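Using the numbering used here, the first residue of the sequence shown is number 3, and each one after it goes up by one. A virtual CB, placed ideally from N, CA and C, is assigned to each residue, including glycine. The structure displayed is predicted, hence computed values, not measured ones. Structure first, then comments.
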Amino acid sequence: IKVLMGLGEMKTLTQTLSTEEIELIAEELGVEVEIGAVEEPAPAEVAPEDDPADLVEKPPVVTVMGHVDHGKTSLLDRIRSANVQSGEAGGITQHIGAYQVESGGKRITFIDTPGHEAFTEMRARGARVTDIVVLVVAADDGVMPQTQEAIEHARAAEVPMVVAINKIDVPNANPDRVMGELAERGLTPEAWGGETVTVQVSAKTGEGIDELLENILVVAELEDLKANPNAPASGYAIEGERDPGRGPVATLLLNRGTLHKGDVVLAGTAYGRVRAMLDYTGQRVKDAGPGDPAEILGLSGVPEAGTRFEVVDHERIARDRAQQAEAALRRQELAEQGGSRRTLEELLGEGGTQDLNLVVKADVAGSVEALKEALARLSTDEVRVNVVRSGVGAISDSDVMLASASDGILLGFNVRPSNTAKQVAEREGVEIRTYDVIYKALEEIEAAMRGMLAPETAENETGTAEVRAIFRVPGAGTVAGCYVTRGEIFRINRVRVVRDGTVIYEGNIASLKRFKDDVRSVREGFECGVGIENFNDIKEGDVLEFFEVVEVPR
């Protein structure tokens with residue numbers, strides 16, 4: 003341990019040493035060691051060669067991408083509901099992040115990832131998860147920026163695309179225009195003699211859904227997707243979360259081999275024996291084959307989305323390799339943190355960079371990835387956004403301590419801080435912000451970066467009055483003769499005109515009079531004349547609500 007400390011490696015008695023470390027220590031202590039043939043893990047991405055005789059057809063894995071609000075989710079829901087077996091618990095599909103449907107006796111696996119952020123992130127890790135991308139374009143809206151992005155991502159991943167032109171049931175749908183826009187971007191539809199399969203669908207009415215599934219299968223057949231079901235299972239973790247009742251839960255997508263209950267799984271820094279396995283309907287199953295999604299319980303932690311997993315022979319091997327991965331990750335984190343501490347002079351120098359350090363926690367791994375990606379894009383020349391740590395699960399005290407040490411703030415997405423974390427945050431003066439919409443979080447961070455986080459405003463209602471008569475005053479427009487029914491109204495208030503319970507105008511008060519005199523305020527039970535700026539369409543019986551806008555410091 004002393005020798006290792008001298009080398010800058012902090013190890014305890016029970017940790018496993020790598021071959022290099024053993025050799026270094028032996029050299030230091032003047033001892034000769036001979037290292038036998040150690041089973042070094044094969045590099046994760048080298049797929050073993052399978053005998054063609056062992057290969058069988060596997061269900062294609064489909065990711066649905068497209069612009070926001072073009073109907074990705076409703077399309078997936080429609081595909082799913084068309085296929086929901088009545089035996090499913092009340093037709094509710096567990097949120098597993100993937101599910102299968104059957105068409106013409108063949109299965110198709112759909113991945114429900116949070117858009118192309120997660121797709122890119124998984125690809126960046128070398129995860130070849132998707133076999134086919136379904137690009138959803140709304141018939142009334144056409145190709146939008148995110149559609150273009152999705153096309154680029156699919157092209158970069160060299161994955162075939164099937165275009166679903168959705169919303170053909172809406173009145174202003176124009177599928178031909180959409181086809182033209184696709185053709186401009188090099189996706190010429192088959193109907194026009196091109197290569198791209200396009201299907202017109204309506205998630206609302208269900209029109210064209212079967213045709214879409216058939217076309218996906220045709221494209222899959224051309225891709226010739228096969229896998230060996232008899233090999234040890236491997237594939238990718240596409241989603242992970244920490245369930246309060248069940249512990250770490252991971253959704254795996256197999257692309258080779260068969261996973262059995264009781265197998266030892268290694269996924270990045272997480273490992274463990276499969277205690278239970280559920281299919282996409284939430285039914286317990288004993289095994290899962292290539293192309294199948296499965297939710298497993300029994301891992302030591304939550305794997306990141308896009309992490310490759312494999313089955314290993316022994317729990318000991320899994321633990322050692324997970325520890326090595328963990329140590330490598332720690333070293334990387336320390337190295338990254340070390341780089342960001344620059345001297346004060348540098349920071350104050352030529353309008354230097356300011357760092358905004360964030361600790362991000364979310365309920366599922368996919369959201370963490372999407373958030374990290376999006377936050378990284380917010381960095382500007384003046385302010386750099388650093389995600390110091392990100393993870394899945396509730397906000398813990400160690401997260402707060404880390405945020406405190408790096409002078410950062412904590413972002414929680416669909417998760418809450420534990421009680422001790424709240425106390426630590428109070429003590430350390432760390433800000434914890436929780437969100438349930440990714441865009442909200444990004445907007446606020448962006449505003450904070452601009453140093454423009456405007457104080458929140460709140461309305462303070464001061465009084466209400468009822469309109470009892472209308473006077474037309476030359477040069478001053480319409481004045482409402484009112485009776486104050488509640489509270490007190492002030493000349494500086496804003497006013498809202500309510501007719502039959504609906505707000506029809508909101509603005510400032512132009513004049514407030516009692517008889518002929520201008521007054522500053524009128525109390526309950528008195529009559530007055532009220533002129534409203536830029537609004538003359540006032541009627542008897544309208545209710546005027548008077549309020550002031552106060553700023554609440556954040």
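Residues near residue i by beta carbon distance below 7 Å, same chain, minus five either side
i	result
T190	G196, E197, T198
L268	F311, E312, V314, A320, R323, A324
T18	D322, Q325
M12	none
V545	T466, E468, V500
D56	N230, N232
L404	V361, V390, R391
E213	V201
R470	G483, C484, Y485, E542
Residues bridged to residue i [DSSP beta-bridge criterion]
i	result
H316	Looking at the DSSP assignment, H316 forms no beta bridge with any residue, so it has no partner.
A423	Its beta-bridge partners do not exist; DSSP assigns none.
K228	E59
P250	R244
K363	G393, G414
D519	R516
F112	V64, Y101
I440	Per DSSP, none; premise fails for I440.
R275	V266
N510	R496
Y238	L255, R310
G531	G483, K515
R474	T480
Q202	I167
T149	The partner list for T149 (beta bridge, DSSP) is empty, contrary to what the question assumes.
Reference residue i, options the options, closest by Cα
i	options	result
A467	L444, V475, G477, F492	F492
M181	L137, H155, M279	L137
E550	R525, T65, N510	N510
V387	M163, A376, A396, I81	A376
A449	D409, E428, L380	L380
R244	H72, F548, E297	E297
L301	E192, G274, A28, K13	G274
R498	P162, P476, I540	I540
P173	E160, S204, G188, A55	S204
G237	L214, G247, E490, G293	G293
L331	V276, V390, D365, S83	V390
E463	R522, V5, E490	E490
E396	S408, S406, L412, A407	For the sequence presented, residue 396 should be read as Ala rather than Glu. Per the Cα distances, L412.
F537	E104, V552, R522, E508	E508
I134	V58, E225, G106	E225
L360	A443, R418, E186	A443
A166	R82, L227, H72, L9	H72
M279	L299, T436, D544, V58	L299
G106	E216, V58, V5, P147	E216
Q150	R187, L31, D178, G210	R187
H155	V266, K374, T132, T459	T132
V221	R470, V64, G32, Q202	V64
Anticipated Cβ contact below 8 Å, residue i with residue j, distance rounded
i	j	result
V304	P250	5 Å
G465	R488	6 Å
G533	G479	7 Å
P61	I110	6 Å
P231	G264	The Cβ separation is near 17 Å, so there is no contact.
G242	A327	Not quite, the Cβ-Cβ distance comes to about 15 Å (not below 8 Å), so this is no contact.
I447	E542	Not really, about 50 Å apart at Cβ, beyond 8 Å.
L256	A235	5 Å
L227	E59	7 Å
A2	I170	The question about residue 2 has no answer, for the chain in this structure spans 3 to 556.
G368	A307	5 Å
Neighbourhood of residue i by C-beta, 6 Å cutoff - its chain only, sequence neighbours within 5 removed
i	result
D281	V287
H262	D289
A427	V402, I434
K74	V66, G68, V138
D438	N416
L15	none
V505	R498
S406	E430, V432
G8	none
G89	In this prediction, G89 scores a pLDDT of 38, lower than 50, which makes its location untrustworthy; no coordinate-derived value is stated.
E209	none
Min CB distance residue i to chain D below 7 Å
i	result
V103	As a matter of chain content, chain D is missing from the structure shown, which is built from one protein chain.
Close beta carbons around residue i, own chain, < 8 Å, minus the five adjacent residues each side
i	result
I24	V35, I37
L184	V139, V145, V165, T190, P191, T198, T200
Checklist line | Three or more C-beta pairs below 8 Å linking the segment 466-485 and the segment 526-536 | finding: yes
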